[in-house]
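Trainee:
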Amino acid sequence: MNVNEIRRQFPILDQEVNGHPLVYLDSAATSQKPLSVIQTLDEYYRGYNSNVHRGVHTLGTRATDRYEGAREKVKNFINAPSTQEVIFMRGTTTAINTVAQGYGREKVSKGDEIVITHMEHHSNIIPWQQLAKATGATLKYVPLQEDGTLSLEDVRETVTKNTKIVSIMMVSNVLGTMNPIKEITQIAHENGAIMVVDGAQAAPHMKVDVQDLNCDFFAFSGHKMGGPTGIGVLYGKKDILNKMEPIEFGGEMIDFVGLQESTWKELPWKFEGGTPIIAGAIGLGAAIDFLEEVGLEEIEKHEHHLAAYAMDKMSQIEDMTIYGPADPQERAGLVTFNLADVHPHDLATVLDAEGIAIRAGHHCAQPLMKWLNVSSTARASFYLYNTEEDIDKLVAGLVKTKEYFSDVF
Amino acid sequence: MSFNNLDTLYRQVIMDHYKNPRNKGAIEDGSVTIDMNNPTCGDRIHLSLDVENGIVKQAKFDGEGCSISMASASMMTQAVKGQEVDTALKMSGIFSDMMLGKEYDDSIDLGDIEALQGVAKFPARIKCATLAWKAMEKGIDQNDS
Chain A
0 MNVNEIRRQF PILDQEVNGH PLVYLDSAAT SQKPLSVIQT LDEYYRGYNS
50 NVHRGVHTLG TRATDRYEGA REKVKNFINA PSTQEVIFMR GTTTAINTVA
100 QGYGREKVSK GDEIVITHME HHSNIIPWQQ LAKATGATLK YVPLQEDGTL
150 SLEDVRETVT KNTKIVSIMM VSNVLGTMNP IKEITQIAHE NGAIMVVDGA
200 QAAPHMKVDV QDLNCDFFAF SGHKMGGPTG IGVLYGKKDI LNKMEPIEFG
250 GEMIDFVGLQ ESTWKELPWK FEGGTPIIAG AIGLGAAIDF LEEVGLEEIE
300 KHEHHLAAYA MDKMSQIEDM TIYGPADPQE RAGLVTFNLA DVHPHDLATV
350 LDAEGIAIRA GHHCAQPLMK WLNVSSTARA SFYLYNTEED IDKLVAGLVK
400 TKEYFSDVF
Chain B
0 MSFNNLDTLY RQVIMDHYKN PRNKGAIEDG SVTIDMNNPT CGDRIHLSLD
50 VENGIVKQAK FDGEGCSISM ASASMMTQAV KGQEVDTALK MSGIFSDMML
100 GKEYDDSIDL GDIEALQGVA KFPARIKCAT LAWKAMEKGI DQNDS
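Protein sequences, first through last, are from chains A and B. With the first letter of the first sequence counted as 1, position 321 gets the number 320 in numbering that gives the first Met the number 0; the numbers rise by one all the way through. With the first letter of the second sequence counted as 1, position 91 gets the number 90 in numbering that gives the first Met the number 0; the numbers rise by one all the way through.
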């Protein structure tokens, strides 16, 4: 994998920020976009912008072909059995909410349980909180191990015969933990529950095979994997989706509309009410082409290497606390940390003055921050375009930050 | 160590308020308490005010956050303590103008608060600085109603 060649495909990286070359270490929040994605969006709007599934005219057919072609690419990308099981949505949040409302309101009732973990992103907590409140179900949390991993024993203890839904992130956006989804899915199924996977931090960085995982739902976002914002995917097993009611009603998703009654289109369109996210889906298709050309295995290997390199260099800084699994091979390409008593905001501002973009705050995981016993943390996250040099600059910036704050105090 | 542009943000007096916050704590029998947070970053403040006969007799805060948010809270309590409610609100307006980089009314002596002027050049940090002031405004509003 030639990182310099890859970097040339990301025009945004070639710029100065605050007088320094940009070092972008916030890809877990959103990734940068390769030229091919930007060009694909440009071609769509210049050449064949049109609504899909309704036109007799040529542009409409072209747009429909490309939109449905993108669905085929997603199907192959996650190894879904059928394009009927690939639904385009705004993002992971919308996808999880759709399951919570569309499946949950029907199947979950008082006395039932929904199981999540202490490391979840808010988008995989609040939809279930709301569902629990509406139905009288109990929301249960699998506790975390000291190093921020899950033990299957704890999962077995938390999931019971009353559990209807288990929903867990595949990769933690804070700890970098890679969860054993396949094994957890098996535990969920043994207890008669369905398994929902928040794949937002997994799909961009590693090969995902939904058939191998055997999960019932898998949700991810396009913008974290080189695609545009506003496009995401909900994969769901056909037999469950067929029995599930849509949560959005209107154009595009209907079959027959009468004055009092209507019927829905077949899968996947019954869940895509309104004019779909045409440009977004086509852009996501281009992002998938790009990632597959580089190779997901290569990307994963590169990010493991960067995580190991970063953890090694960063842990040499005095008063550095790094959260999550200590073994870099057991974690994804991000490092969340705190440096001495410098508040993460202050840290991020000083690094920004050096052209280095990192994330500071609670990373949409307030319950996890509470578990870590901190109010916020700083996070550097890597993608295929990051280099060892980026990390060297980060480490130099952190050393400078520490000196700076010891000077001004 | 030189980060010249940063020195306009992290002034000595700000770091002093951060490290040695004034009026830290809670008023036992305060007339009004306010909890406010900045949901995007997790900063939070618990402010208690003792307002009597239109005068802010006492102001104390507790909370957690970055140097800018905590220093601003410390300075704010110092500034409004002993002031008439109207003056305190006027100060908040002046502070808001200062943060937006607007010309501001300098007829009221803001003391240490002027050290926060540099925040205006760091748009991502303005919300940190204004949190305590928003809490104070809310507290006075609650007290009135």
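Virtual Cβ for every residue (Gly too), placed ideally from N, Cα, C.
1. Interface residues of chain A around Glu-63 of chain B at Cβ under 7 Å?
2. Excluding the five sequence neighbours on either side, which residues of its own chain have a C-beta within less than 6 Å of the C-beta of Ala-278 of chain A, listed in chain order?
3. According to DSSP, is Val-51 of chain A helix, strand or coil?
4. Rounded to the nearest angstrom, what separates Gln-328 of chain A and Phe-381 of chain A at their Cα positions?
5. With a cut-off of 8 Å, does the C-beta of Gly-41 of chain B fall near any C-beta of chain A?
6. If you count every other CB in all the chains shown that lies within 10 Å of the CB of Pro-33 of chain A, and 16 or more means buried, which is it?
7. Return the chain-ordered list of same chain residues with a C-beta closer than 7 Å to the C-beta of Leu-367 of chain A, the five sequence neighbours on each side being excluded.
8. Starting from Asp-140 of chain B, trace the beta strand (DSSP E) both ways and give me its first and last residue.
9. Any beta-carbon of chain B closer than 8 Å to the one on Ala-395 of chain A?
10. Return no unless some Cβ of chain A is closer than 8 Å to the Cβ of Met-0 of chain B.
11. Could you check which residue in A:Asp-197, A:Glu-105, A:Val-154 has the C-alpha nearest to that of Ala-133 of chain A?
12. For Trp-263 of chain A, which residues does DSSP report across the bridge?
13. If you draw a straight line from the C-alpha of Glu-15 of chain A to the C-alpha of Thr-162 of chain A, how long is it?
14. With 8 Å as the threshold, decide whether the Cβ of Ala-136 of chain A is near any Cβ in chain B.
15. Would you list the residues sitting across from His-45 of chain B in a DSSP beta bridge?
16. Mind checking if Ala-352 of chain A is an interface residue toward chain B, Cβ cutoff 8 Å exclusive?
17. Any Cβ of chain A within less than 8 Å of the Cβ of Leu-8 of chain B?
18. Which runs of the beta strand (DSSP E) spanning at least 3 residues fall entirely within the segment 59-95 of chain A, listed in chain order?
19. DSSP three-state call for Pro-33 of chain A: helix, strand or coil?
20. Going straight from the alpha carbon of His-3 of chain A to that of Asn-78 of chain A, what length do you get?
21. Could you have a look at Ser-374 of chain A and say whether DSSP puts it in helix, strand or coil?
22. Count the other CB atoms, across all protein chains shown, that sit within 10 Å of the CB of Met-313 of chain A; report buried if there are 16 or more and exposed otherwise.
23. Can we say the segment 230-241 of chain A touches the segment 264-283 of chain A, given the rule of at least three CB pairs closer than 8 Å?
24. Can at least three beta-carbon pairs, one atom from the segment 39-55 of chain B and one from the segment 95-102 of chain B, be found at a separation below 8 Å?
25. State the Cα-Cα distance for the pair Gly-282 of chain A and Leu-12 of chain A, rounded to the nearest angstrom.
26. Counting only Cβ pairs nearer than 8 Å, list the residues of chain B close to Thr-348 of chain A.
27. DSSP three-state call for Ser-171 of chain A: helix, strand or coil?
28. Can you check which of these residues, A:Glu-260, A:Phe-248, A:Phe-217, A:Gly-250, is closest to Ile-239 of chain A by C-alpha distance?
29. Give the single residue among A:Leu-212, A:Met-177, A:Ala-202 whose Cα lies nearest to the Cα of Ile-186 of chain A.
30. Within 8 Å (strictly less), CB to CB, does His-19 of chain A reach chain B?
31. For Ala-309 of chain A and Val-334 of chain A, what's the separation of their Cα atoms in angstroms?
32. Which residues share a DSSP beta bridge with Phe-217 of chain A?
33. Is Ser-30 of chain A closer than 8 Å to Pro-203 of chain A when the C-beta atoms are compared?
34. May I have the straight-line CA-CA distance separating Gln-144 of chain A from Gly-103 of chain A, to the nearest angstrom?
35. Leaving aside the five residues before and after Gly-470 of chain A along the sequence, list all residues of the same chain whose C-beta is less than 7 Å from its C-beta, in chain order.
36. By the 8 Å beta-carbon criterion, what residues does the segment 357-390 of chain A contribute toward chain B?
Mentor: To lay it out plainly:
1. Ser-374
2. Leu-40, Tyr-43
3. coil
4. 15 Å
5. yes
6. buried
7. His-117, Met-118, Val-173
8. Careful: Asp-140 of chain B lies outside any beta strand (DSSP E), inside the alpha helix (DSSP H) at 125-143.
9. no
10. In this prediction, Met-0 of chain B scores a pLDDT of 43, lower than 50, which makes its location untrustworthy; no coordinate-derived value is stated.
11. A:Glu-105
12. A:Ile-253
13. 52 Å
14. no
15. B:Asp-34, B:Asp-61
16. yes
17. yes
18. 85-88
19. coil
20. Inspection of the sequence shows that residue 3 of chain A is occupied by Asn rather than by His. In a straight line, the C-alpha of Asn-3 of chain A is about 30 Å away from that of Asn-78 of chain A.
21. coil
22. buried
23. yes
24. no
25. 19 Å
26. Leu-5, Leu-8, Phe-121, Ala-123, Arg-124
27. coil
28. A:Phe-217
29. A:Leu-212
30. no
31. 8 Å
32. A:Val-196, A:Tyr-234
33. yes
34. 29 Å
35. Since the first residue of chain A shown is 0 and the last is 408, residue 470 of chain A is not available in this structure.
36. Ala-359, Gly-360, His-361, Gln-365, Met-368, Ser-374, Ser-375
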